[in-house]
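Each residue of the sequence shown is one higher than the last, beginning at 1 in the UniProt record's numbering.
Single-structure report; data block below.
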Amino acid sequence: MLDFWKQYHIMKAVSNIDLSWKEVTQQCLKAVWKKIWPELCEDVQLPEPIIAEIADLVTTAGLGDTDAQDIEQLVQASGESLNNEDLEELAEQGTQKPQDTSDSDTEPPKELSSELLKRALHQVNDIMDELVANDPDATRSSNARRIVLGGVSCYRHLLDSRKKHRQMTQ
């Protein structure tokens, strides 16, 4: 812990603030402003026919009985809207069939262990720290750090969920 604080300096603090600020969503800002100045913010509601159609589609797809209230809660709980790529990915996941793994000449399945994730994420952080420390253009290095860390955030989320799952099962 002491080594961490010895290596932590104002540029890293500014970089952390920059990364954090870029992760603040519109919904978060609206929620804060709604508490500060309620008259300023107005609630946007989805039209009732759209919610009913979504509920019908969910039921038709065999994903269980869902009513309009469930859909509204899900939409309100979700801070971000799905873009076309997200929707296509979800559609592909839903239509994928399990692959036949009975072939004896296939290679063993790949495994992404928690230890490998920790080591790789640490290496990515070290590389970005080195680039930020030596780049005379702070804006460029900050943007590069944000892009790279954003790109590997799925692995960070995977590692965090494994940690939470491990803590819950202990």
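Glycine included, each C-beta is placed from N, C-alpha and C at the ideal position.
Rounded to whole angstroms, what's the CA-CA distance from L2 to K34? Just pull it up for me.
41 Å
With 16 other CB atoms within 10 Å as the buried threshold, where does S15 fall?
buried
Between the C-alpha atoms of T140 and A133, what's the straight-line distance to the nearest angstrom?
As written in the sequence, residue 140 is Arg, which differs from the Thr given in the question. Rounded to the nearest angstrom, the two C-alpha atoms are 12 Å apart.
Mapping the DSSP letters down to three states, classify D135 as helix, strand or coil.
coil
Can you tell which of D56, E130, K118, W37 has the C-alpha that lies nearest to the C-alpha of Y8?
E130
Is the CB-CB distance between R145 and M128 below 8 Å?
yes
T169 - containing alpha helix (DSSP H), residue span
153-169
Give me the residue from W5, L19, K12, K6 with the minimum Cα distance to V148.
L19
So what does DSSP say about C149, is it helix, strand or coil?
Sequence check: residue 149 is Leu here, not Cys. The answer is helix: DSSP assigns L149 an H, G or I state.
Between which two residues does the alpha helix (DSSP H) containing P49 stretch?
48-60
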